[in-house]
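Undergrad: Going by the numbering used here, the residue at position 42 of the sequence shown is 72; the numbering climbs one at a time, nothing skipped.
Ideal Cβ positions, reconstructed from N, Cα and C, are used throughout, including at glycine.
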Amino acid sequence: MHDWHFGTKPDEWVSMAVPSDGAYGISLGLVFSFLVTVDPNTKEYSVVRHLPVDDFARVKLSANYELEQERLNALRIVGASDTVDFPVLV
31 MHDWHFGTKP
41 DEWVSMAVPS
51 DGAYGISLGL
61 VFSFLVTVDP
71 NTKEYSVVRH
81 LPVDDFARVK
91 LSANYELEQE
101 RLNALRIVGA
111 SDTVDFPVLV
């Protein structure tokens with residue numbers, strides 16, 4: 031909350047759970063912990079992009095993909111839509 035309210039310093043990143051816009055292959059709308067910067071004036075965050083993905087992060091991103099596939103399979107089994115609207119915070 032501190033960083034969201036006061037913003038980040040130039041060239042400083044913080045980790046924040048925010049709805050995905052598809053960055054790093056994370057499903058659109060899924061709340062995920064990203065490195066972000068926060069504008070101190072507007073209080074708007076921006077996901078830091080184009081960071082190298084190391085082996086540890088690649089494993090975690092892969093696990094997210096597998097869980098997403100399991101969720102979609104479960105929805106298909108019960109006859110629900112393959113698309114679920116995730117809440118998007120603005």
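Counting pairs of beta carbons, one from the segment 68-80 and one from the segment 90-110, are three or more of them closer than 8 Å?
TA: Touching, no, given that fewer than three Cβ pairs across the two stretches are closer than 8 Å.
Undergrad: In terms of residues, what are the limits of the alpha helix (DSSP H) holding TYR95?
TA: First-last of the alpha helix (DSSP H) with TYR95: 85-107.
Undergrad: So which of ARG79, VAL83 and ALA110 has the shortest CA-CA distance to TRP43?
TA: The residue with the shortest Cα to Cα distance from TRP43 is ARG79.
Undergrad: On the DSSP letters alone, give me the boundaries of the alpha helix (DSSP H) that HIS17 sits inside.
TA: Coverage of the chain is limited to positions 31 through 120, which leaves residue 17 absent and any answer about it impossible.
Undergrad: Can you grab the Cα-Cα spacing for the pair HIS35 / TYR75, in whole Å?
TA: Distance between the alpha carbons of HIS35 and TYR75 is about 10 Å.
Undergrad: Let me know the secondary structure DSSP gives LEU119 once reduced to three states.
TA: Confidence at LEU119 is low in this model, with a pLDDT of 43, below 50, so the placement of that residue should be treated as unreliable; the coordinate-derived value is given next. It is coil, neither helix nor strand.
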